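Going down the list, the sequences are from chains A and B. For the record, in the first sequence the residue sitting at position 18 is 17 according to numbering that gives the first Met the number 0, with numbers rising by one throughout. For the record, in the second sequence the residue sitting at position 234 is 233 according to numbering that gives the first Met the number 0, with numbers rising by one throughout.
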Amino acid sequence: MFARHNLRSAAAPLASLLALATVNSLAADTTAPAPEAWGYLRPQFYGDRAIDIADQSTIVLEAPATTPDPAATPLTIRLGAEAIGHIKQLRVFIDNNPSPLASTFDFAPGARVAEIGMRVRIDRWTSVRTIAETTDGRLEMRSSWVNAAGGCSAAPTGGGNGALGDIRFRNTPDGKTLQVAIRHPNNSGFQIDPVSGNPIPPHYVSHIRFSSNGQPLLDVEAGISLSENPTIRITSDAALPEPVSVDVTDSKDAHFNASWRGPATAGEIISNAAIGNR
Amino acid sequence: MIAARLACAIIGLAAGTRAISIATADTAAALPKFTVSQVAAGVFVHLGQPLALDAPGHDDIANIGFIVGNRCVAVIDTGGSVRIGRALRAAVAVHTRQPICYVINTHVHVDHVLGNVVFKDGRARFVGHSALPAALARSRLYFMTQFGGDLDQPPSADQVVPPDRIVADTLELDLGDRPLHLRAWPIAHTDCDLTVLDERTGTLWTGDLLFRERLPAVDGDVAGWLQVDNELARLEVQRVVPGHGPLSTDLAAALQPEQRYLRALLSDVRSELDGGESLQQAIQHAADSERPHWLLWDSTHPRNVTRVYQQLEWQ
Chain A
0 MFARHNLRSA AAPLASLLAL ATVNSLAADT TAPAPEAWGY LRPQFYGDRA IDIADQSTIV
60 LEAPATTPDP AATPLTIRLG AEAIGHIKQL RVFIDNNPSP LASTFDFAPG ARVAEIGMRV
120 RIDRWTSVRT IAETTDGRLE MRSSWVNAAG GCSAAPTGGG NGALGDIRFR NTPDGKTLQV
180 AIRHPNNSGF QIDPVSGNPI PPHYVSHIRF SSNGQPLLDV EAGISLSENP TIRITSDAAL
240 PEPVSVDVTD SKDAHFNASW RGPATAGEII SNAAIGNR
Chain B
0 MIAARLACAI IGLAAGTRAI SIATADTAAA LPKFTVSQVA AGVFVHLGQP LALDAPGHDD
60 IANIGFIVGN RCVAVIDTGG SVRIGRALRA AVAVHTRQPI CYVINTHVHV DHVLGNVVFK
120 DGRARFVGHS ALPAALARSR LYFMTQFGGD LDQPPSADQV VPPDRIVADT LELDLGDRPL
180 HLRAWPIAHT DCDLTVLDER TGTLWTGDLL FRERLPAVDG DVAGWLQVDN ELARLEVQRV
240 VPGHGPLSTD LAAALQPEQR YLRALLSDVR SELDGGESLQ QAIQHAADSE RPHWLLWDST
300 HPRNVTRVYQ QLEWQ
């Protein structure tokens, strides 16, 4: 859908902004993002099944109208009380991205997941939508427009500490929310090495599997729309039973894993170099 | 209230000095007027407007200007478009017959460099931080696509002019009985911040190491920026030309609001992250007490929080 020579998908390097958040509307002169992509995607993923617009009490999609950072746009999907435990699958689409399906979350039966947070690359003005499939087979959608430019081609930042595959957990004091950060470039394939001028090949996190106290919780199929150093945040309606383990696979079939064993281990960088599975 | 203070500052500056107006054929339609003020003997400043990067007039938001020596002229930053660059070049010609020998860029940002090409005449040397060439290389495509309308048409890569003389640490330039002291700083506002001190008048051009009234934009490293601000605050100068906002004669005092915001940003984002709070929550809550003190909060602060949050995540 998106050729690399498309000017709108050009680099928006972090080092070149005063306030990137406001830039995109220079190029935008219409009143809604181009809608064609969804017409193509919808039958591909859902055939002719009915898709209802979810009530706000069932699903909320929280997305900024204008992104603070096209390469790291925060999205949160919040499930209402009656939806928790009754969702089978949840997909996130970014219609106008080169790879529109940003993530698929498959819920383990009965998984008490109340909220999922993620950070994504957004390449241009687009609808962002989440579609939930309930355990009784209905499809429910929420969507939102996000104004952005250049998120998929933004130059890597590479800053900070940590090595490929390092994993870091952070939790809220009530133990209901766990944020998992994975040290990984998550190169989209649309980035250009500023020194050589050559494209940087795609190299991204493809799967993240969560389990809690030995039971499967959530299986995430990820991809190039996740931001550098992918971060997934899950919230339950009760404290998550320890340990929460994550098993990460990337596009080169490298495996990284780590376990959260309660607040005492929060914030530690758990290295995968030591266990030799890179 | 901030806007009113800014207006007063501009009027105050103009009243005490000689303000002139340039409107060339090229710029008359697009720009209401382009004014420079002589803020000290031979030191001319054009004050940028407090506008967002997508607002009409977004190419004229940075403070830019020039210094006139006995032999030649140094231009310091060139504005956010070739139009602004041309207006600045015309303003130089009104005030002196000396040739322009140096074009100094204080850092990589679009609002400070896009006028460079106007000064490329084979004689002027372009001067910048040793990290500026790489930073411009990262930015070139972005400038051409997102700010192509601010270049001559059609936008081309060679209009984004890199330095041909770099500053790794410090550099003395002489404009003819007029030494300039240039200093390259560690990563702060960006990774290529450069200050210029006109020794004769004690005028320090900080580039965007100092924002006044307009909210500071973090593109480098907050902790590094705070360290640089501490060093800047110890300098003894007669006046300071910030990258954005009005001039001041008290550098240490002028730095205080920026230092206060950056400290709040750093410590609040850190505690949000340590408390397991999300990026959205951090955007809403971090440094919120600072909001009333700054212009362009909504277009700049969320981006700052996002950047700092991601940096601290892996520190």
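Where is the CB? At the ideal position from N, CA and C, for every residue including glycine. Small disclaimer: the values here were computed from a predicted structure and weren't measured.
query                                                                                                                       : result
Stretch pair the region 65-81 of chain B + the region 249-269 of chain B: three plus CB contacts closer than 8 Å            : no
is_contact[residue 270/B, chain A] using C-beta, thresh 8 Å                                                                 : no
Buried/exposed call for residue 213/B, threshold 16 Cβ in 10 Å                                                              : buried
Which listed residue (278/B, 308/B, 41/B, 45/B) has its alpha carbon closest to that of residue 245/B                       : 45/B
Host alpha helix (DSSP H) of residue 101/B (start-end)                                                                      : No alpha helix (DSSP H) contains residue 101/B, which is instead part of the beta strand (DSSP E) from 99-103.
Listed by chain order, chain A residues near residue 76/B by CB distance under 7 Å                                          : Result: empty, since nearest Cβ-Cβ is about 13 Å, beyond 7 Å.
Contact list for residue 180/A against chain B, beta-carbon separation under 9 Å                                            : 312, 313
Neighbouring residues, chain A, relative to residue 211/B (Cβ below 9 Å)                                                    : Under the 9 Å cutoff, chain A gives no residues; its nearest Cβ is about 15 Å from residue 211/B.
First and last residue of the uninterrupted alpha helix (DSSP H) at residue 204/B                                           : Looking at the DSSP string, residue 204/B is not in any alpha helix (DSSP H); the run it does join, the beta strand (DSSP E), is 202-210.
Opening and closing residue of the beta strand (DSSP E) in which residue 85/B lies                                          : Note, residue 85/B: premise wrong, no beta strand (DSSP E); alpha helix (DSSP H) at 81-94.
Min CB distance residue 292/A to chain B below 8 Å                                                                          : Residue 292/A is absent from the structure shown; chain A starts at 0 and stops at 277.
Cα-Cα separation, residue 25/A to residue 50/B                                                                              : Low confidence applies here, because residue 25/A scores a pLDDT of 40, under 50, leaving its location unreliable; read the following figure in that light. Between residue 25/A and residue 50/B, the C-alpha separation is close to 14 Å.
Endpoints, beta strand (DSSP E) assigned at residue 104/A                                                                   : 100-106
According to DSSP, residues forming a beta bridge with residue 127/B                                                        : 165/B
Positions along the region 273-307 of chain B whose CB lies within less than 8 Å of some CB in chain A                      : 273, 274, 275, 276, 277, 278, 279, 282, 295, 298, 299, 301, 302, 304, 305, 306
Within-8 Å CB hit, residue 222/B to chain A                                                                                 : no
N- and C-terminal bounds of the alpha helix (DSSP H) containing residue 299/B                                               : 296-312
Residue-level contact to chain A via CB, residue 136/B, 8 Å cutoff                                                          : yes
Exposed unless 16 or more other CB atoms sit within 10 angstroms - verdict on residue 190/A                                 : buried
Residues, ordered as in the chain, of the region 243-258 of chain A that lie near chain B by beta-carbon distance below 8 Å : none
Closer than 9 Å at the beta carbon, the chain A residues around residue 309/B                                               : 68, 71, 118, 156, 158, 159, 226, 227, 228, 230
First and last residue of the uninterrupted alpha helix (DSSP H) at residue 242/B                                           : Looking at the DSSP string, residue 242/B is not in any alpha helix (DSSP H); the run it does join, the beta strand (DSSP E), is 238-243.
Residue 64/A versus residue 143/A: straight-line alpha-carbon distance, rounded                                             : 8 Å
Beta carbon of residue 234/A nearer than 8 Å to that of residue 49/A                                                        : no
Extent of the continuous beta strand (DSSP E) to which residue 215/A belongs                                                : 214-220
Exposure label - residue 113/B; buried when at least 16 CB within 10 Å                                                      : buried
Beta strand (DSSP E) runs contained entirely in the region 112-171 of chain A, provided each spans 3 or more residues       : 112-119, 125-133, 138-145, 166-170
Residue 293/B (DSSP reduced to helix, strand or coil)                                                                       : coil
Cβ-based neighbour list, residue 280/B, same chain, cut-off 7 Å, excluding 5 preceding and 5 following                      : 271
Within-8 Å CB hit, residue 1/B to chain A                                                                                   : Low confidence applies here, because residue 1/B scores a pLDDT of 38, under 50, leaving its location unreliable; read the following figure in that light. Output row for residue 1/B: interface = no.
Neighbour flag for residue 145/B against chain A, beta carbons, 8 Å                                                         : yes
Continuous beta strand (DSSP E) assignments of at least 3 residues falling wholly in the region 129-192 of chain B          : 164-166, 169-173, 178-183
Closer than 8 Å to chain A by CB, residue 156/B                                                                             : no
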